[in-house]
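Beneath this line is the structure, given in structure tokens, with notes to follow.
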Amino acid sequence: MAELNAPAPAPPRRGRTLAWLLLGVVAFLVLLVVAAPAGGVARILEAAGAPARLAVPSGRLWSGSAQLYLEGRDLGRLRWDLAPGTLLDGQLGADLVLEAPGHRFRGRASVGADGRLQLAGVEGEVREASLDELLRPYAIEPSGTVTFRDGSATVEGQRVLDAHADARWSGGAVSYALGGQLWRQRFPPLDATLRAREGRPVLVVRDPAGAELLDVALDAEGWAQLRVRYRFVALAGFPWPESPAPDTVVVELAEQLY
């Protein structure tokens, strides 16, 4: 009489061999990523046709650093550490730190199978040196520091699908050229919020009372559209004939960023 609880047959040797082979391939790939030089990241960006370029890399593909250039402009030293946990969500992510004499940012960037870039936990500060470089083409010399927090965004190609960030400028003396004259005014601390409305990022700057001073919107074609309210003109100390209501938009400008 046959036994009712006979042991199951042992798995075939071929199955065990295949499992060990797959494990070996995975281990080799992990070792390849860990041991690969950081220059591999620069080559990946170049092959993808990204506007960013990395130079003077050091470290490894897994954890390294390089000088970051965006359209020829040196943005500082970028350090990265790959985040293996993002693979569980079907993404490849890394914790980033960008540092230069005039600014410092940190956050996490990840790319999914659909090619979308996601930024999360972005925070940092822009000091006077970088503020001056940023605003010099507009004949504005600021002071103080801008701090950022709670930054996040989803980017597809060159289109920003959604964005969120809060910022605060410490205030201080600002020199600016307007109407053929040089003006100088001391500003109070100002707050700003970045939000995406229907895929259109909008930056709004407010005074200490929470009233809107100006806003900048970025459209899908890369045009930045600036609107300045009279409230900001008055705060800047610039004389204006027949002063309108504070919320009146008195200046509108557009500039193509990309």
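Sequential numbering from 898 applies to the sequence shown in the working numbering.
By construction, the Cβ of each residue, glycine as well, lies at the ideal position given by its N, Cα and C atoms.
Remember, predicted model here, so these are calculated numbers, not experimental data.
A Cβ-Cβ contact shorter than 8 angstroms links Trp1066 with Leu1087.
Excluding its 5 nearest sequence neighbours in each direction, Arg1013 has C-beta neighbours in its own chain below 8 angstroms: Thr1051, Val1052, Glu1053 and Leu1058, listed in chain order. In this structure Ala1026 is exposed. Its beta-carbon is surrounded by fewer than 16 other beta-carbon atoms within 10 angstroms.
With fewer than 16 other CB atoms across the displayed protein chains lying within 10 angstroms of its CB, Ala1142 is exposed. Within the DSSP secondary-structure output, Val1071 pairs in a beta bridge with Gln1082. When secondary structure is reduced to three states using DSSP, Gly982 falls in the helix class.
Taking 8 angstroms as the cut-off, the Cβ atoms of Ala980 and Asp992 count as close.
Considering only Gln1015, Ser1072 and Gly1069, the residue with the shortest C-alpha distance to Ser1049 is Gln1015. The C-alpha of Thr1042 lies about 5 angstroms from the C-alpha of Arg1024.
Per DSSP, the continuous beta strand (DSSP E) segment holding Ser1007 begins and ends at His1000 to Gly1009. If the five residues before and after Trp977 are omitted, its C-beta is found closer than 6 angstroms to the C-beta atoms of Ala991 and Leu993, all from its own chain and listed in chain order. In the DSSP secondary-structure assignment, Gln964 is bridged to Ala952 and Arg974. Residue burial is scored here from C-beta neighbours: Thr983 has at least 16 other C-beta atoms within 10 angstroms and is therefore classed as buried. Nearest C-alpha to Glu1020 among Ala1151, Arg1046 and Arg1124: Arg1046. In the structure shown, Ser1049 adopts extended strand secondary structure according to DSSP, grouped into three states. If you draw a straight line from the Cα of Arg1128 to the Cα of Asp1063, it comes to about 21 angstroms.
Your pair Leu1115 and Val1102 does not check out as a contact, with CB atoms roughly 15 angstroms apart and the cut at 8 angstroms.
It is roughly 15 angstroms from the alpha-carbon of Ser960 to the alpha-carbon of Gly1004. Contact annotation: Pro1085 and Gly1068 have beta-carbon atoms nearer than 8 angstroms. The distance from the Cβ of Gly973 to that of Glu943 is about 19 angstroms, inconsistent with a contact at the 8 angstroms cut-off.
The shortest C-alpha to C-alpha distance from Ala1121 to any of Asp1104, Trp1137, Glu1149 and Leu965 is the one to Glu1149.
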